[in-house]
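Okay, so the sequence shown: first residue is 2 according to this note's numbering, each after it adds one. All residues carry an ideal CB built from backbone N, CA and C; glycine is no exception.
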Amino acid sequence: MQVYNVVKFRVKQGEEAAFLDAHRNGKAKWPGLEHGVIIKTGEQSFCLIGTWASQDAMVAARSAMIKTLDSFRSVLEDQGQGRGVTDAVSGAVVLDL
């Protein structure tokens, strides 16, 4: 069953280019990632959406994803309510539209 992860980010004013550059040129080619996109959801808000072959593939790539996050963590704003600089969810597909 295919798995998706969605990570919300709020980027500091003037840091959009640094945020996007941190994902370009293979920097977000994590093992097991089938496809990924970043969408702009607001003035300083973005979501990364990743497609994975399985939950195990995504879990195995977690340390690589955190390493990427650490490379641009300084350009992110805290999301508040104890979430830190990311708000992430993931799960298996239950309905293909």
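Val12 and Leu98 look like a contact to me (Cβ under 8 Å); what is the Cβ gap, rounded to whole Å?
Sequence index remark: in the sequence shown, residue 12 carries index 11 (1-based). Sequence index remark: in the sequence shown, residue 98 carries index 97 (1-based). That belief does not hold up - the Cβ atoms of Val12 and Leu98 are roughly 30 Å apart, past 8 Å.
What does the alpha-carbon distance come out to for the pair Arg84 and Ser91?
For the purposes of this step, residue 84 is taken as the residue at position 83 of the sequence shown. For the purposes of this step, residue 91 is taken as the residue at position 90 of the sequence shown. So the two alpha carbons sit approximately 15 Å from each other.
Assigned secondary structure, Asp22 (DSSP; H/G/I helix, E/B strand, else coil):
Position 21 of the sequence shown holds residue 22. Helix, per DSSP.
Which runs of the alpha helix (DSSP H) at least 4 residues long sit entirely within the segment 26-63? Give them in chain order.
56-61, all fully within the segment 26-63.
Would you mind reading off the limits of the beta strand (DSSP E) that contains Ser9?
Here residue 9 refers to the residue found at position 8 when the sequence shown is read from its first residue. The question names Ser, but residue 9 is Lys in the sequence shown. It spans 4-11 - the beta strand (DSSP E) in which Lys9 sits, taken as one unbroken run.
Taking the beta strand (DSSP E) that Val90 falls in, what are its first and last residues?
Within the sequence shown, the letter at position 89 stands for residue 90. 88-93 is the extent of the beta strand (DSSP E) around Val90.
Counting Cβ pairs closer than 8 Å, one from the segment 14-22 and one from the segment 53-70, do we hit at least three?
Not touching, per the Cβ criterion.
Cβ-Cβ distance between Thr87 and Val8 below 9 Å
The residue labelled residue 87 in the question sits at position 86 within the sequence shown. The residue labelled residue 8 in the question sits at position 7 within the sequence shown. With a cutoff of 9 Å on beta-carbon distance, Thr87 and Val8 are scored as near each other.
Who are the near neighbours of Ala23 in its chain, counting only those whose CB is closer than 6 Å to its CB and skipping five residues on each side?
The residue labelled residue 23 in the question sits at position 22 within the sequence shown. A distance below 6 Å between beta-carbons, with the five flanking residues on each side excluded, links Ala23 to the following residues of its chain, in chain order: Ser72, Phe73.
Closest by CA to Asp57, which one among Glu44, Leu34, Leu49?
In the sequence shown, the residue the question calls residue 57 occupies position 56. Comparing Cα-Cα distances from Asp57 to each of Glu44, Leu34, Leu49, the minimum goes to Leu34.
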